[in-house]
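Notes to accompany the following structure.
Protein chains: 2
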Amino acid sequence: MRIGIIGAGQLGRMLALAGYPLGQRFVFLDHSADAPGGQVGQIICGEFGDRERLAELASRVDILTYDVENVPAEAVEEVARAKPFQPPPAALAAGQDRLHEKRLFERLGIPTPEFRTVDDRMQLDFASAAVGLPAVLKTRRLGYDGRGQHVLRTTADIDVAWNKLGGVPLILEQFVPFEREVSIIGVRSTTGEVAHYPLTENTHADGILVRSRAPCDAPPLEHTARDYLERILRHFDYAGVLTLELFVAGGRLLANEIAPRVHNSGHWTIEGAITSQFENHVRAILGLPLGDTRPLGHSAMLNIIGTMPKLERVLRVRGAHYHDYGKSPRPGRKLGHVTVVAPTPEQRDAALEELAACLA
Amino acid sequence: MRIGIIGAGQLGRMLALAGYPLGQRFVFLDHSADAPGGQVGQIICGEFGDRERLAELASRVDILTYDVENVPAEAVEEVARAKPFQPPPAALAAGQDRLHEKRLFERLGIPTPEFRTVDDRMQLDFASAAVGLPAVLKTRRLGYDGRGQHVLRTTADIDVAWNKLGGVPLILEQFVPFEREVSIIGVRSTTGEVAHYPLTENTHADGILVRSRAPCDAPPLEHTARDYLERILRHFDYAGVLTLELFVAGGRLLANEIAPRVHNSGHWTIEGAITSQFENHVRAILGLPLGDTRPLGHSAMLNIIGTMPKLERVLRVRGAHYHDYGKSPRPGRKLGHVTVVAPTPEQRDAALEELAACLA
């Protein structure tokens, strides 16, 4: 089969690297001819919402998927009428708007931090009073990697936040003093078969994922997270990989957001699970049997952000797996990641410290 | 770095799939624009010995390597003067001629079956008497996957064999009533660092590799095989992956042949070892630290020959890893392979039987 991927970033590249052994071929749509996917497939150059380019992509493949979330939902709905498109456009649309996402959690009975919609300055005052401070003001759309967010600690921050973000639809969320941030990655095939990876613990800095460790060894939480995830998968009659990010606060899970696609916190599955999230996404959208998601040990993933480390130094760390996306360095840009898999959590963490020193 | 690969077969494709995460880029030279490497890199179309095309490939990359052995050695020596080329052309040349190969084994003190060179009909009589029957008459050059061979069981077979193969330089080898066929895959970096994978047990049918299992759990044999392999690596000041195929006869190792490249009997290392032979080949030729070669369990690999099985059926076998090279089916052609990795040899062999049923 020929698979068309909207977006040719590192996620697209990793989907293709996992999909070629299954006998699949890949074509991408991206605004940049230099995007990582271009290393392993042809890129049709165009904006994600360009209907002509989307139609061209659709005409050259058997099924469409995406590696980015900021694909205009209307353009996708149009192309999805002409060609199989997975995950479903409705899931993509829900993930694009924090308000819809939160309401979805409520509808499905998934606990989520308190929130209020904020469309004008006065609503922000009401919302702050209702949600309580500290709180986080976020743009409803196009926020990722910590962009489009401002933390309100005291009422004095309200004006600052409004001046920074006001003018677009916003949402005010309760600031959760979480103990841990975790994610659960699940996959559902067009046949309805479902599988999930172990719960992963994530660390962010400035809103960008820095490191993930899995399995994070919290069986009752994992059981609950899995239940939440499956509600979302069933709700959308979903096919593909879906990620649910959650806070652990007071020992309880609160859903933060969904990513209706393969996810940075699942990169460790390439070497750390029997079947990677990328291969399982491909299997799922094609209706193939899902691959075994069991972990192969204790894994950790470190993102490479802004500047590339010296390759020789990283590869000298025993068992380190290096992933250079081939992107030009830029402050705050995800350029690659490194994974270690070890027989015990202690050995994993020791290797992780060694790796962190290489990236410092 | 840009790596030029002479040959764009499945081995070239797997080298590229392993090399992209290390941040490397790939260009191929192949006579077929449809060759598997073309899925993941550009193919320059031309014969392997075409000096102009080789020069074009060299001009577009930083270092050259190959995925086929039948590259004319003289053409390679020429291009290797202009651009780094690994493994060394001398190793490629030695692997192309069964006589040179056997003499190399003798020179390095590596036991090998009795042999005699055969250039005319009369020499074949002398050789048969000296080596004894049964024996195998082989063309010295361009034999692979069992082609260019004829078994002599009685003196009556001598004429038949001569009529089939006579006219090109030949070698008569003692027929070894082996208990097992094994291979050892090693890798040496341009820095001199050496690593090796566990001994692998191989099964052939009609001269074509059908299945491999590793580790094959024969520590004293592995120790000896490793010693032989390292003699060859040092002899050539080798960089890259090298495979030594051996017979186990009377509990003793006899070298059969070398393959100065990544090898079919090492495909299990993609999922079954911490670092695959493909990644280690790339690391080695670039002088990077070698990756950990330890196995992750008990692996088996089955070749898919002639016709593709039903993908759904194979993927339903728990833990099966599928590799479809994207080649058109043809009797006797290697179209793909399947690997299973299990915690015990028994579980591995059970999965293997399940897989074999899918391919039957």
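Line by line, the protein sequences are chains B and A.
Position in the first sequence counted from 1, then plus 515, gives you the working numbering.
Position in the second sequence counted from 1, then plus 515, gives you the working numbering.
The beta carbon of each residue, even a glycine, is placed where N, CA and C say it ideally should be.
Item	Value
Taking its Cβ as the centre, do 16 or more other Cβ atoms sit within 10 Å of A:E589, making it buried, or is it exposed?	exposed
Would B:H836 be called buried (16 or more neighbouring beta carbons within 10 Å of its own) or exposed?	buried
Just by C-beta distance, which residues in the segment 549-563 of chain A are closer than 7 Å to chain B?	Q554 and V555
Just the C-alpha distance for B:P603 and B:Y753, rounded to the nearest angstrom, thanks.	6 Å
Restricting to Cα atoms, I'd like to know which of A:Q862, A:G610, A:A606 and A:A550 is closest to A:D839.	A:A550
Which runs of the beta strand (DSSP E), 3 residues or longer, sit entirely within the segment 812-853 of chain B?	813-820 and 836-839
By DSSP, does B:I789 sit in helix, in strand, or in coil?	coil
Is there a C-beta anywhere in chain C that falls below 9 Å from the one on B:D721?	Among the protein chains in the structure shown, which are B and A, there is no chain C.
Any beta carbon of chain B sitting closer than 9 Å to that of A:E827?	yes
Can you list, in chain order, the residues of its chain with a C-beta nearer than 6 Å to that of B:H782? Leave out the 5 residues immediately preceding and following it.	M816 and H852
Against chain A, with Cβ distances strictly below 9 Å, would B:D565 count as a contact?	no
Mark B:N779 as exposed unless 16 or more other C-beta atoms lie within 10 angstroms of its C-beta, in which case mark it buried.	buried
Quick check on B:G538: does DSSP put it in helix, strand or coil?	coil
Mind checking who B:V651 pairs with in its DSSP beta bridge?	B:V666 and B:E688
Cβ closer than 9 Å: which chain A residues qualify as neighbours of B:I789?	E786, R833, G834, H836 and V856
Can you tell me where the beta strand (DSSP E) holding B:Q884 begins and where it ends?	The requested residue 884 of chain B does not occur in the structure, where chain B is confined to residues 516 to 875.
For A:R787, is the classification buried or exposed, using 16 other Cβ atoms within 10 angstroms of its Cβ as the cut-off for buried?	Residue identity check: residue 787 of chain A is Gly in the sequence provided, not Arg. Flag for A:G787 reads buried.
What three-state label does DSSP hand A:Y581 in the structure shown?	strand
Between the segment 518-530 of chain A and the segment 563-583 of chain A, do three or more beta carbon pairs fall short of 8 Å?	yes
So, using beta-carbon positions, are B:G561 and B:A531 closer together than 9 Å?	no
Taking the alpha-carbon positions, what's the A:V725 to A:Q554 distance?	25 Å
Would B:V829 and B:H796 be called neighbours here (beta carbons separated by less than 9 Å)?	no
For B:F738, count the other beta carbons within 10 Å of its own beta carbon; 16 or more makes it buried, fewer makes it exposed. Which is it?	What sits at residue 738 of chain B in the sequence shown is His, not Phe. Burial call: exposed.
Check the DSSP bridge columns for A:V709 and list the partner residues they point to.	A:R703
Three-state secondary structure (DSSP) at B:T859?	coil
Kindly confirm or deny that the segment 809-823 of chain B and the segment 606-624 of chain B touch, where touching means at least three C-beta pairs closer than 8 Å.	no
Compile a chain-ordered list of the residues in the segment 532-543 of chain B whose CB is closer than 7 Å to at least one CB of chain A.	L532, Y535, P536, L537, G538 and R540
Would the segment 761-771 of chain A count as touching the segment 689-698 of chain A if we require 3 or more Cβ pairs under 8 Å?	yes
Could you work out which residues of chain A lie near B:G841, taking near to mean beta carbons separated by less than 7 Å?	G538
Quick check on B:E868: does DSSP put it in helix, strand or coil?	helix
Output yes if chain B places a C-beta closer than 9 Å to the C-beta of A:R776; else output no.	no
Would you please verify whether the beta carbon of B:P599 is less than 9 Å from any beta carbon of chain A?	no
When DSSP labels each residue in this structure, what does B:P730 get in the three-state scheme?	coil
Return the chain-ordered list of same chain residues with a C-beta closer than 6 Å to the C-beta of B:A710, the five sequence neighbours on each side being excluded.	V702, L805 and T808
In angstroms, rounded to a whole number, what distance separates the CA positions of A:D890 and A:A645?	No information on residue 890 of chain A is available, as it lies outside the stretch 516 to 875 that chain A covers here.
Between B:G647 and A:G841, what straight-line distance do the alpha-carbon atoms span, to the nearest angstrom?	59 Å
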